[in-house]
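*Asks:*
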Amino acid sequence: MELAKNSHLSKIARELKPSGIRKFFDLAAGMEGVISLGVGEPDFVTSWSVREAAILSLEQGNTSYTANAGLPELRNEISHYMQQQFGIEYSPNSEVIVTVGASQAIDIAMRAILDPGDEVIIIEPCFVSYVPMVQLAGGVPIQVQTLKENDFKILPSQLEEVITKKTKAIMLCSPNNPTGSMLNKKELEELAAIVEKHDLLVIADEIYAELVYDEEYTSLPSIPGMRERTILISGFSKGFAMTGWRLGFVCAPMEISSAMLKIHQYAIMCAPTMAQYAALEALRNGRSDVDDMVKSYRRRRNFIVQSFNEIGLTCHMPGGAFYAFPSIESTGLSSQEFAEQLLLQESVAVVPGDVFGESGNGHIRCSYATSLEQIQEAVKRMKHFIENLQSK
Ligand code: PLP
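Take 1 as the starting number for the sequence shown in UniProt numbering and just add one per residue.
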């Protein structure tokens with residue numbers, strides 16, 4: 001007997017919207033000669049020494065589960081890294097969990113802190129997973145829109161406006177996907193004051209913390225009073241060019257970590273063992289490769305942002321990550337129209353800004369995690385596309 005359509009699905013699964021990014025890439029997938037500024041992952045292959053460490057771990061027969069929270073030596077190394085790089089102390093035994101990407105870290109964070117109806121403030125435009133992750137955990141996402149006039153940085157007054165008795169946490173992503181905006185120390189301190197005043201938590205997604213180009217990076221839990229209120233999400237995908245390894249981590253005060261670990265142990269057991277050995281090598285010996293990648297991203301960022309401004313797509317200078325988020329308002333097209341027509345006419349794939357939330361409308365996300373040559377060619381095609389629009 002055939003199942004009646006949708007009848008066996010949960011309400012939440014039925015109502016979950018598919019990711020706007022995927023939908024758009026399906027369109028690009030069938031085309032030839034497309035230059036993609038769409039993907040949110042490094043174009044670099046993981047460093048050889050890191051790959052070799054994983055191979056060695058297999059040769060040595062390390063094919064069983066690790067501890068639920070991850071290999072003790074990897075947690076030690078993560079703890080050391082957080083101390084060295086960001087000046088924050090986390091106990092490797094009770095405050096660090098190795099996860100299946102930052103993605104799973106966000107999931108267990110939400111599930112550990114939310115009761116049905118609890119509100120989480122989501123700062124838009126934002127990574128496409130945040131809203132669904134809150135909903136899947138039974139929470140209520142409250143979206144706040146940042147403005148291009150403020151370089152897409154959240155203002156304290158905007159947070160004050162949406163905080164209610166039900167607010168449990170703020171989801172913060174700095175440097176941000178899709179805008180590349182980054183909050184500096186002073187801006188984080190202002191945010192911290194509000195968090196303390198209203199007795200909130202922050203889920204700080206710092207997955208792009210390694211990819212910072214101008215200012216020194218300040219990690220939220222290093223701000224006085226914030227360590228106890230922050231669930232710090234990070235991982236290896238972006239900074240260490242390890243997206244396919246599916247390895248991330250989460251650091252949080254013991255009470256929250258213990259709750260997350262229970263969920264993690266029932267849902268996942270542990271992160272993949274060989275990827276954990278790879279991550280160990282990345283932390284121990286990967287610094288110079290990260291520095292080289294950052295240099296390369298900085299060159300590309302400077303080129304793409306300057307070029308966009310020259311061809312009439314105004315674009316702020318992103319402080320981190322590998323995304324430029326230019327305005328396409330001058331073309332009179334919506335983000336979706338711009339991205340679709342650009343793809344069909346010039347074979348350049350970008351992501352319409354509105355897939356990251358309503359405030360992204362009028363913008364496109366262009367990843368510069370692709371070679372400078374490809375970026376140069378893409379910009380040439382975009383210039384041609386805009387000239388064509390203007391001559392109509
Ligand atoms: N957080 C942000 C802001 C992202 O942009 C991404 C991936 O694009 C993730 C988390 C997921 O990272 P991971 O590959 O570690 O799951």
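Every residue, glycine too, gets a C-beta built ideally from N, C-alpha and C. Here the structure is a predicted model, which means the values were calculated and not measured.
#1: Name, in chain order, the residues that DSSP records as bridge partners for Asp205.
#2: Below 7 Å, is the gap between the Cβ of Asp43 and the nearest heavy atom of ligand 1?
#3: Any chance the CB of Ser47 is under 7 Å from a heavy atom of ligand 1?
#4: From the DSSP output, in three-state form, read off Glu358 for me.
#5: Can you tell me where the beta strand (DSSP E) holding Pro141 begins and where it ends?
#6: Is DSSP giving Ile223 helix, strand or coil here?
#7: Identify every run of the beta strand (DSSP E) within the region 67-133, keeping only runs that are complete inside it and at least 3 residues long; order them along the chain.
#8: Can you tell me whether Lys153 is buried or exposed? The criterion is at least 16 other CB atoms within 10 Å of its CB, across all chains shown.
#9: Beta carbon of Cys173: closer than 7 Å to some heavy atom of ligand 1?
#10: When we look at the beta-carbon of Arg22 and count the other beta-carbons within 10 Å, is it buried (16 or more) or exposed?
#11: Given that a residue counts as buried once 16 or more other Cβ atoms are within 10 Å of its Cβ, and exposed if not, what is residue 410?
#12: Between which two residues does the beta strand (DSSP E) holding Ser367 run?
#13: In this structure, how does DSSP classify Ser327 when only helix, strand and coil are distinguished?
#14: Suppose the cutoff is 7 Å on Cβ atoms and the five residues either side in sequence are ignored; what does the same chain contact list for Phe44 look like?
#15: Of the choices Asn93, Arg75, Phe338, whose alpha-carbon is the least far from that of Gly248?
#16: How about Ala137 and Met171: are their beta carbons less than 8 Å apart?
#17: Please tell me whether Ser219 and Ala209 are closer than 8 Å, where the distance is taken between their beta carbons.
#18: For Phe325, which residues from the same chain have a beta carbon less than 6 Å from its beta carbon, with the 5 sequence-adjacent residues on both sides left out?
#19: Below 8 Å on the Cβ atoms is my contact criterion, and I expect Thr167 with Ile121 to pass it. Report the Cβ-Cβ distance as a whole number of Å.
#20: In its own chain, which residues sit with a C-beta less than 7 Å from the C-beta of Ala271, not counting the 5 before and 5 after it?
#21: Any chance the CB of Tyr127 is under 7 Å from a heavy atom of ligand 1?
#22: Ligand 1 and Ala102: does any heavy atom of the ligand fall closer than 7 Å to the residue's C-beta?
#23: Assign Ile146 to buried or exposed, taking buried as 16 or more other Cβ atoms, counted over all protein chains shown, within 10 Å of its Cβ.
#24: CA-CA distance, Val162 and Arg51?
#25: Nearer than 7 Å: is that true of the beta carbon of Thr230 relative to any heavy atom of ligand 1?
#26: So is the beta-carbon of Ser237 under 7 Å away from any non-hydrogen atom of ligand 1?
#27: Check this for me: beta carbons of Asn93 and Met269, under 8 Å apart or not?
#28: Give me the DSSP bridge partner(s) of Pro352.
#29: Where do the N-terminal and C-terminal ends of the alpha helix (DSSP H) with Phe322 fall, by residue?
#30: If Met133 sits next to Gly319, beta carbons under 8 Å apart, how far is it from one beta carbon to the other, in whole angstroms?
#31: Closest to Asp115 by CA distance: which of Ala169, Ser91, Val128 is it?
#32: What three-state label does DSSP hand Ile35 in the structure shown?
#33: Given this structure, state the Cα-to-Cα distance separating Pro253 from Tyr90, to the nearest angstrom.
#34: Assuming contact is defined by CB atoms lying nearer than 8 Å, are Glu119 and Thr164 in contact in what I supplied?
#35: Per DSSP, what kind of secondary structure is Phe24 in: helix, strand or coil?
#36: Between the beta-carbon of residue 441 and the beta-carbon of Pro156, is there less than 8 Å?
*Replies:* According to the structure data:
#1: Cys173, Ile233
#2: no
#3: no
#4: helix
#5: 140-145
#6: coil
#7: 96-99, 119-124
#8: buried
#9: yes
#10: exposed
#11: Because residue 410 is not part of the residues shown, which for the chain are 1 to 392, the question remains open.
#12: 364-367
#13: strand
#14: Ala241, Met293
#15: Arg75
#16: no
#17: yes
#18: Pro178, Thr179, His363, Arg365
#19: 6 Å
#20: Gly70, Val98, Thr99, Val100, Leu247
#21: The identity of residue 127 in the sequence shown is Phe, whereas the question assumes Tyr. Checking every heavy atom of ligand 1 against the Cβ of Phe127, one is found closer than 7 Å.
#22: yes
#23: One point to set straight first is that residue 146 is Thr, not Ile, in the sequence displayed. Classification of Thr146: buried, given that the 10 Å Cβ count is 16 or more.
#24: 46 Å
#25: no
#26: yes
#27: no
#28: Ile364
#29: Element bounds for Phe322: n/a, residue is neither H nor E.
#30: With a Cβ gap of about 25 Å, Met133 and Gly319 do not count as contacting.
#31: Ala169
#32: strand
#33: 8 Å
#34: yes
#35: helix
#36: Because the chain here runs from 1 to 392, residue 441 falls outside it and cannot be looked at.
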